[in-house]
Every structure is written in structure tokens, then in C-alpha cells.
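Chains A and B are the protein sequences, given in the same order. In this text, residue positions in the first sequence follow this note's numbering: the first is 108, and each later residue adds one. In this text, residue positions in the second sequence follow this note's numbering: the first is 108, and each later residue adds one. Note sheet for the following structure.
Protein chains: 2
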Amino acid sequence: MTDHRLRYFDDYQPGTTYDCGSVRVSQDEMISFAKQFDPQPFHVDPAAAALGPFGGLIASGWHTGGLVMRQIVAHFLPAEASLGSPGLDEIRWPEPVRPGDTLRVRATVAEARRSQSKPDRGLVKTVIEAVNQDDTTVMRATAINFLRVRPESDA
Amino acid sequence: MTDHRLRYFDDYQPGTTYDCGSVRVSQDEMISFAKQFDPQPFHVDPAAAALGPFGGLIASGWHTGGLVMRQIVAHFLPAEASLGSPGLDEIRWPEPVRPGDTLRVRATVAEARRSQSKPDRGLVKTVIEAVNQDDTTVMRATAINFLRVRPESDA
Numbered sequence: 108m109t110d111h112r113l114r115y116f117d118d119y120q121p122g123t124t125y126d127c128g129s130v131r132v133s134q135d136e137m138i139s140f141a142k143q144f145d146p147q148p149f150h151v152d153p154a155a156a157a158l159g160p161f162g163g164l165i166a167s168g169w170h171t172g173g174l175v176m177r178q179i180v181a182h183f184l185p186a187e188a189s190l191g192s193p194g195l196d197e198i199r200w201p202e203p204v205r206p207g208d209t210l211r212v213r214a215t216v217a218e219a220r221r222s223q224s225k226p227d228r229g230l231v232k233t234v235i236e237a238v239n240q241d242d243t244t245v246m247r248a249t250a251i252n253f254l255r256v257r258p259e260s261d262a
Numbered sequence: 108m109t110d111h112r113l114r115y116f117d118d119y120q121p122g123t124t125y126d127c128g129s130v131r132v133s134q135d136e137m138i139s140f141a142k143q144f145d146p147q148p149f150h151v152d153p154a155a156a157a158l159g160p161f162g163g164l165i166a167s168g169w170h171t172g173g174l175v176m177r178q179i180v181a182h183f184l185p186a187e188a189s190l191g192s193p194g195l196d197e198i199r200w201p202e203p204v205r206p207g208d209t210l211r212v213r214a215t216v217a218e219a220r221r222s223q224s225k226p227d228r229g230l231v232k233t234v235i236e237a238v239n240q241d242d243t244t245v246m247r248a249t250a251i252n253f254l255r256v257r258p259e260s261d262a
């Protein structure tokens with residue numbers, strides 16, 4: 108795990124990009140996730156998928172999102188400061204994720220704004236991208252997170 | 108499963124809301140999902156969560172999204188016509204999902220537009236909402252889907 112020294116809201120600098128490591132996704136995992144949450148033929152049935160719109164099995168976008176989130180939690184969202192997320196402004200899956208793909212995740216701080224109503228926290232907007240082994244972007248999203256500001260005692 | 112007689116792009120009428128059934132989420136499922144994809148303390152550790160920002164364990168938003176997607180696939184996205192999704196325009200989780208909550212899912216067609224470049228399909232934008240047993244909205248998203256138009260032979 109890369110330690111980017113992100114501890115509190117104060118550490119997030121707009122314009123900075125953080126490498127969040129990479130994750131490989133197997134066909135078995137893709138099918139197992141999709142059977143539970145997104146059982147469309149091109150996510151769960153290799154034979155049907157081969158004849159379908161993507162010419163083969165592809166990951167559910169929700170699975171890709173979960174895999175990306177795991178990297179974000181490990182490298183970008185410190186447990187002691189994270190106060191949850193009200194949502195994402197946009198998610199795009201411009202190209203499919205296929206069995207065996209390795210996704211590299213990076214997070215770029217787009218905006219960091221101290222809360223007026225709750226001065227113990229700030230809001231951080233982050234552009235999250237996942238690119239595969241061929242440098243093709245397979246997911247892009249703008250996430251919103253609330254983060255605790257650095258306690259006075261820790262200044 | 109409710110059959111809304113949605114078969115092809117042509118059947119999606121802007122302004123119409125479709126009931127997509129309901130799903131109950133247990134604490135064990137919440138923890139198991141979050142351990143894999145979103146291991147923040149308030150998603151995986153009941154004791155830490157009790158002292159955390161939400162006063163108890165809450166579901167990962169990605170888990171809520173997956174559970175909602177399952178209902179959408181079962182009630183709103185016919186396997187024979189679905190051609191995948193380029194993404195979502197917005198996701199919001201206005202209130203937390205807690206262990207034992209039952210979420211009712213509904214989908215309202217916001218826009219349906221035939222593709223100019225690929226006349227075999229159309230684009231449908233849908234506002235998806237999940238409300239809990241207290242009628243509190245816990246998720247809202249605008250999804251984009253490509254759907255095949257009705258074949259001539261089936262007209």
C-alpha cells in the first residue's frame with residue numbers, strides 16, 4: 108500500500124493525482140458478483156455473452172465500481188478522517204472490463220472546500236479513473252467525500 | 108416478479124414509473140460486501156461503527172447500488188433488449204441504509220431517444236429511487252441504458 112500521507116481534509120490539494128494501485132479481475136469473480144447483483148447475460152453467461160453486444164463476457168459496472176472503491180479505501184480515504192459520501196456526480200464506463208484485465212486506479216483532487224455549517228469537516232470532490240493494461244480508460248467518476256479536518260492537537 | 112411488459116426500447120414511455128419490488132438487507136450481507144469492496148470502519152465493524160459518524164453500521168453505497176441493480180434487472184431491463192450502460196449521471200445516498208432495512212425500488216423513465224448513428228437502438232434515461240420501510244429515500248440515481256428497438260418481425 109502506498110502511503111500518500113493523506114490523514115485529514117487539510118491534506119487534500121486540488122490538482123494533485125494519487126496512484127491508488129491496481130487490481131486484477133478474474134472471470135470467476137465477475138460471474139459470481141453479477142449473479143448476485145447484475146445477472147444480465149453478458150455479465151453471467153460466457154456462451155450467451157460471446158454472441159451478445161460485447162462479443163464476450165464483461166464485468167458489471169457495479170463490480171468495477173466496487174473494485175475501484177477498494178483501491179480508493181486502501182490508498183486515498185483514511186479511516187480516521189472519512190465521514191462518508193453523499194454520492195457521485197457522474198460515473199462513466201467508456202469501455203468494457205473483460206476477464207483477466209488489470210485495472211490501475213488513480214484519484215485526482217478536483218475541489219476541497221471547508222464546510223460552513225459543520226466546521227469540523229470539509230468536502231472533497233475527486234475524479235477517479237481506472238485504466239486497463241492497454242491504457243484504455245474503463246471507468247471515470249466524480250466522487251464526493253466528507254473528511255474530518257485536522258484536530259488542533261495534531262496540528 | 109412484476110411483468111411491466113417492457114420488451115424493447117419502444118415500450119419505455121417518459122413519465123411512467125415502474126415498481127421494481129423490494130429487497131431486505133441483513134447486517135451479515137452488509138459486512139461481507141464491505142469487507143470485499145469498501146472496508147471502512149462504519150461498513151465492516153459494528154463496535155467501531157457505533158462510535159462513528161453514523162452511530163452504527165451502515166451499508167456501503169456500492170452495496171446499495173448493487174441491490175438496487177438486481178431489482179432493476181429483474182423488473183425493468185429485459186435481457187433480450189439490454190445493450191449495456193455507458194454510466195449514470197448522478198448517484199445520491201441522502202440517508203444511510205442500516206441492517207434489516209427493506210428497500211423498495213422504483214424506476215421512472217425520464218427520457219427515451221432513438222439513436223441517430225445506430226438505428227437499431229435507443230437511449231433511455233431513468234431516475235431510480237430506493238426508499239426504506241419508513242418511506243425515507245436512501246438512494247437516487249439517473250441511469251443511462253441502451254436498448255434494442257423492436258424488430259420489424261415482432262411489430
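Glycine included, every Cβ here is placed at the ideal spot set by N, Cα and C.
Listed by position along chain B, the residues whose Cβ is nearer than 8 Å to that of residue 196 of chain A are 197. At least one beta carbon of chain B lies nearer than 8 Å to the beta carbon of residue 144 of chain A. Contact between the segment 209-221 of chain A and the segment 119-134 of chain A is present: 3 or more CB-CB pairs across the two stretches fall below 8 Å.
Taking 4 residues as the minimum length, the alpha helix (DSSP H) runs contained wholly in the segment 154-200 of chain A are 168-182, in order along the chain.
Considering only B:132, B:218, B:155 and B:249, the residue with the shortest C-alpha distance to residue 240 of chain B is B:132. By the criterion of at least three beta-carbon pairs nearer than 8 Å, the segment 140-157 of chain A is not in contact with the segment 219-228 of chain A. Shown here, residue 151 of chain B sits in a helix according to DSSP, grouped into three states. For residue 232 of chain A, the enclosing beta strand (DSSP E) begins and ends at 228-238. By the C-beta density criterion, residue 229 of chain B is buried, having at least 16 other C-beta atoms within 10 angstroms. Nearest Cα to residue 139 of chain A within the set A:117, A:111 and A:170: A:170. Taking the CA atoms as reference points, residue 202 of chain B sits about 39 Å from residue 257 of chain B.
Put simply, the backbone Cα of residue 178 of chain A is about 28 Å away from that of residue 208 of chain B. At a beta-carbon threshold of 8 Å, the residues of chain B lying near residue 177 of chain A are 143, 144, 145 and 146, ordered along the chain.
In the three-state reduction of the DSSP assignment, residue 126 of chain B falls in the strand class.
In this chain, the alpha helix (DSSP H) harbouring residue 144 of chain B covers 134-144.
In this structure, the straight-line span from the alpha carbon of residue 191 of chain A to that of residue 116 of chain B is close to 37 Å. DSSP places residue 259 of chain B within a helical segment (H, G or I) once states are collapsed to three. Taking a C-beta distance under 8 Å as the contact criterion, residue 181 of chain A and residue 147 of chain B do not qualify as a contact pair.
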